[in-house]
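Residue numbers (UniProt numbering), protein chains in the order written: chain C, 1 to 146; chain P, 1 to 108. Don't be surprised by glycine CBs; every beta carbon is placed ideally from N, CA and C. Note that this is a predicted model, so its numbers are computed, not measured.
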C-alpha cells in the first residue's frame with residue numbers, strides 16, 4: 001500500500017515537472033522500459049558512438065564513463081538521447097541524457113558497478129535509428145591499483 | 001544529506017559560439033533501496049532522479065538517473081554558448097527535495 005502512494009507521488013511529480021520543461025522527466029519505471037524499447041530496435045554498432053570507460057577500475061562504486069556521439073556529417077543526423085546500461089546491475093538502466101541543439105552530445109558521469117561487466121550505451125538519433133557501443137570494465141580486487 | 005552543489009566551467013567569459021565544458025557535482029547519498037539497516041529493515045530508496053540544465057530558462061541538457069549512478073553524482077557536459085546569460089542547474093530527488101545552482105556567463 002505504501003508502495004502505491006509512493007508511486008502516485010512520483011507520478012504526480014513527473015506530471016508537474018513535465019509541464020515546465022521541454023524534455024519531460026520520466027519515472028524510473030519508464031527508464032527501465034525505455035531500455036527494452038531501445039533494445040527492441042535492434043541497435044547497430046557504430047564506431048562514431050564513442051564509449052570510454054576504464055579497462056580496470058579499482059572503485060566499483062564510482063567508475064567514470066564518457067559518451068561521445070559524433071555521427072559523420074554526411075548522414076545529417078544528430079543525437080537526441082543516450083541511455084547507459086549495466087546489464088548485471090539490479091536495475092540495468094543506469095541513466096539517460098537528452099540533448100538540445102545547444103549541447104554537444106558528449107558527457108561523463110560516474111556509475112556504480114555491481115560486478116565486472118560491459119557497460120553499454122544506446123543512442124537514439126534524430127532519424128529514429130538506434131546505435132550502440134560497449135566497453136568492458138574489470139573490477140580489481142583490493143583496489144590498490146595493483 | 002545535501003550541501004551546496006559544486007559547479008566548474010572551463011571558461012567564464014567565452015566568445016559567442018565557443019564550446020565550454022561544465023562539471024557539476026552535488027552531495028547526495030543516492031540511497032539505492034537495496035541496503036538494509038543494522039536492524040534488518042530496508043533503507044528506503046532516495047536517489048536524485050533528475051538533473052536539468054537550462055540556459056536563460058530554456059532546457060539545454062537533462063538527465064534521468066537511476067540507482068546505478070554513484071553517490072555524489074558527477075555530470076560533465078559540453079554546450080555551445082549562445083551569448084551572455086545564466087546557466088541554471090537543478091537536481092531533484094525521490095523525496096521531492098530540489099537543489100539549485102546558477103552560473104553567470106559573460107561573453108567577451
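Cα separation between residue i and residue j?
i	j	result
residue 104 of chain P	residue 99 of chain C	21 Å
residue 110 of chain C	residue 62 of chain C	5 Å
residue 26 of chain P	residue 77 of chain C	33 Å
residue 88 of chain P	residue 120 of chain C	29 Å
residue 134 of chain C	residue 67 of chain P	20 Å
residue 53 of chain C	residue 85 of chain C	13 Å
residue 117 of chain C	residue 125 of chain C	26 Å
residue 96 of chain C	residue 79 of chain P	17 Å
residue 75 of chain P	residue 39 of chain P	34 Å
residue 91 of chain P	residue 4 of chain P	11 Å
residue 8 of chain P	residue 137 of chain C	28 Å
residue 187 of chain C	residue 130 of chain C	Look at the range of chain C in this structure, 1 to 146, and you will see that residue 187 of chain C is not part of it.
residue 102 of chain C	residue 102 of chain P	18 Å
residue 28 of chain P	residue 74 of chain C	42 Å
residue 49 of chain C	residue 55 of chain P	26 Å
residue 46 of chain C	residue 108 of chain C	19 Å
DSSP on residue i, reduced to helix/strand/coil?
i	result
residue 36 of chain C	helix
residue 74 of chain C	helix
residue 30 of chain C	helix
residue 54 of chain C	coil
residue 141 of chain C	coil
residue 107 of chain P	coil
residue 112 of chain C	coil
residue 91 of chain C	coil
residue 105 of chain C	strand
residue 8 of chain P	strand
residue 81 of chain C	strand
Quick one: does the C-beta of residue i sit closer than 8 Å to a heavy atom of the ligand MG?
i	result
residue 93 of chain C	With respect to small molecules bound, the structure shown includes none, and the ligand MG cannot be examined in it.
I'd like to know whether the C-beta of residue i is nearer than 9 Å to at least one C-beta of chain C.
i	result
residue 1 of chain P	Here the model assigns residue 1 of chain P a pLDDT of 48, short of 50, so the residue's position is not dependable, and the following value carries that caveat. False, the Cβ-Cβ gap to chain C never drops below 9 Å.
residue 40 of chain P	no
residue 104 of chain P	no
residue 73 of chain P	yes
residue 58 of chain P	yes
residue 5 of chain P	no
Does any residue of chain P have a CB that is nearer than 9 Å to the CB of residue i?
i	result
residue 106 of chain C	yes
residue 95 of chain C	yes
residue 49 of chain C	no
residue 132 of chain C	no
residue 19 of chain C	Here the model assigns residue 19 of chain C a pLDDT of 38, short of 50, so the residue's position is not dependable and the matter cannot be decided.
residue 103 of chain C	yes
Just list the beta strand (DSSP E) runs in the UniProt domain "Sulphur oxidation protein SoxZ" (13 to 100) of chain P, keeping only unbroken ones of 3 residues or longer that don't cross its boundaries, in chain order.
Scanning the UniProt domain "Sulphur oxidation protein SoxZ" (13 to 100) of chain P for uninterrupted beta strand (DSSP E) segments of 3 residues or longer gives 19 to 25, 48 to 55, 58 to 65, 74 to 80, 85 to 93, listed from N- to C-terminal end.
Is it the case that the region 51 to 67 of chain C contacts the region 31 to 51 of chain P, given that we only count it when at least three CB pairs across the two stretches are under 8 Å?
In short, these stretches do not touch, since the Cβ pair count stays below three.
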